[in-house]
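Novice: Take a look at the following structure, please.
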Amino acid sequence: MRRALLIASASIEFLAGIGLISGPGVVVPLVLGTPMEAPAAFAVCRMAGAALISLGIVCLYALRDTESAATDGIIIGMLFYNVAIPVLFVYLRFSANMNGSGLLPAAALHTIMTAWCLLSLRVRQSKSSPRLEHRQSA
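Right under this line is the structure:
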């Protein structure tokens, strides 16, 4: 389960990162429904793209030891990210009136990834937690 989560996360973040680096003027209007106008916005998008590719690389390297505490930390970091993005996207949709055709699907994808991260951490916790034995006193 963790292996599949890390591969899926790496793939999604690589694709999003490459899109933001190579074509922010296409990706941002698709997701947010607003055109890119300022040169600074292009720069920020490309920096975000580089950060997403970095997340993908981290997820790939975590495949070397999927049951380590370091991988737990990576999944917890991805959990935070996958919670924050749909919250931000829903806020942008309903408070800032941004309505790109990719906005709510992207929020849904990150919500699914949130659930997958939580499930992965829960399964790991149940595997590593010692079971308490109940002893009856005679």
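Counting in numbering that gives the first Met the number 0, the sequence shown runs from 0 upward without gaps.
Don't be surprised by glycine CBs; every beta carbon is placed ideally from N, CA and C.
These numbers were taken from a predicted model, which means no experiment stands behind them.
#1: Given that a residue counts as buried once 16 or more other Cβ atoms are within 10 Å of its Cβ, and exposed if not, what is Tyr87?
#2: Answer with buried or exposed for Pro34, where buried requires no fewer than 16 other C-beta atoms within 10 angstroms of its C-beta.
#3: Keeping to the same chain, check which residues put their C-beta closer than 6 Å to that of Leu54; ignore five residues upstream and five downstream.
#4: Let me check understanding here. Comparing Cα to Cα, which of Ala39, Pro28 and Ile20 lies closest to Arg45?
#5: Which residues in the same chain as Ile17 place their Cβ atom closer than 8 Å to its Cβ, once the five residues preceding and following it in sequence are excluded?
#6: Taking C-alpha atoms, which residue in Val30, Arg63, Pro23 and Ala50 lies nearest to Ala39?
#7: By how many angstroms is the C-alpha of Ser125 removed from the C-alpha of Glu66?
#8: Using 8 Å as the Cβ pair cut-off and three pairs as the minimum, do the region 66-83 and the region 117-124 touch?
#9: Grab the span of the alpha helix (DSSP H) containing Asn81 for me, first residue to last.
#10: Between Thr113, Tyr80 and Ser100, which has its C-alpha nearest Val138's C-alpha?
#11: Which residue wins for smallest C-alpha separation from Thr110, given the options Thr70, Asn98, Arg63 and Ala83?
Specialist: In terms of the structure at hand:
#1: What sits at residue 87 in the sequence shown is Leu, not Tyr. Exposed is the call here.
#2: Per the 10 Å Cβ criterion, exposed.
#3: Glu12, listed in sequence order.
#4: With distances taken between Cα atoms, Arg45 lies closest to Ile20.
#5: Result list for Ile17: Gly48 and Ile52, in chain order.
#6: Minimum Cα distance to Ala39 is reached at Pro23.
#7: Here the alpha carbons of Ser125 and Glu66 stand approximately 12 Å from one another.
#8: Enough Cβ pairs lie closer than 8 Å, so yes.
#9: Per DSSP, Asn81 belongs to the alpha helix (DSSP H) from Ala68 to Phe93.
#10: There is no way to answer for residue 138, as the model of the chain reaches only from 0 to 137.
#11: If we check each option's Cα against that of Thr110, Ala83 comes out closest.
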